[in-house]
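Counted from 1, the sequence shown has number 136 at position 26 by my numbering; the numbering is strictly sequential.
Cβ coordinates follow ideal geometry from the N, Cα and C atoms, glycine included.
Bear in mind the structure is a predicted one, so any value in this text is a computation, not a measurement.
One structure is given below, encoded as structure tokens.
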Amino acid sequence: MIAISFLLLLLTILLRMTWLNKSGIAAIIQEYLSGTDQVLSQQQMIALAKKIREPMWNWHIYIGFLLVGLFTIRLILAASGKMKFQNPLTVKLTAKEKFQKWTYLIFYTCVIISLVTGILMEAGPGELKKSMEGIHAFGIYYLTAYIGIHIAGILIAEFTSQKGIISEIISGPEIEE
């Protein structure tokens, strides 16, 4: 569920950056209005563009709050010992395992920062919103990097030491009888 949440968040970000970009929508509005006797300023068209994409962006916020809940559950389970904690400082790990665990730890740290900044942007003091936006926007970079590293790691494992890992991810582990 956490992975699906991340993919949906990524989708809302990519939509906002591309098809639902406020300047692009404003240009479409301008083009439409040029054939009518109606006139809007650039600022009004940007405001209208933001209103058009607002329902999509609300989904980003809803999914963000869902992710806060899911991530909190995951941290509670790890703290209570019901879920394994990815400790990169364990002595008996191979270099590959240490890299994997450090990657998870760095990723989780970035996620916590994104979740906290997102909450502060939505529910925190208004004067914090602008400064939090810059930090929060950094999330697209670590998320895409993590997804890329994750996919590369899966493919490397599939074609080297863990043949069948992709099938196992998709259909679950084989149950021995």
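For the 9 Å CB-CB criterion, Ser224 and Gly263 do not form a contact.
Restricting attention to Ser133, Leu118, Thr204 and Tyr142, the CA atom closest to the CA of Phe175 is found in Leu118. For the options Tyr214, Phe116, Ser115 and Leu230, the alpha carbon positioned closest to that of Ile245 is the one of Leu230.
Spanning the alpha carbons of Ile123 and Gln272 requires a straight line of approximately 33 Å.
For the pair Gly228 and Val178, the CB atoms are nearer than the 9 Å cut-off.
Nearest neighbour of Ile139 by Cα position, chosen from Trp129, Ala159, Met166 and Leu121, turns out to be Ala159. A distance below 9 Å separates the beta carbons of Met155 and Ala136. Per DSSP, Glu284 lies in no alpha helix (DSSP H) and is assigned neither H nor E. Here the alpha carbons of Ile222 and Ile279 stand approximately 25 Å from one another. Note that the C-beta distance between Asn197 and Lys211 is below 9 Å. Residue burial annotation: Leu253 is buried, with at least 16 other C-beta atoms found within 10 angstroms of its C-beta. Met193 and Leu187 do touch by the CB rule: their CB atoms are close to 4 Å apart, below 8 Å. For Leu125, the secondary structure class from DSSP, reduced to helix, strand or coil, is helix.
Under the DSSP assignment, Phe248 falls outside any alpha helix (DSSP H); it carries neither an H nor an E label. When the five nearest sequence neighbours on each side are left out, the beta carbons in the same chain lying within less than 6 Å of the beta carbon of Met242 are those of Thr227, Leu230 and Met231, in order along the chain. In the three-state reduction of the DSSP assignment, Thr200 falls in the coil class. The C-beta distance from Ile112 to Phe217 rounds to 11 Å, too long to fall under 8 Å, and the pair is not in contact.
For Phe181, the uninterrupted alpha helix (DSSP H) run begins and ends at Gln152 to Ala189, by DSSP.
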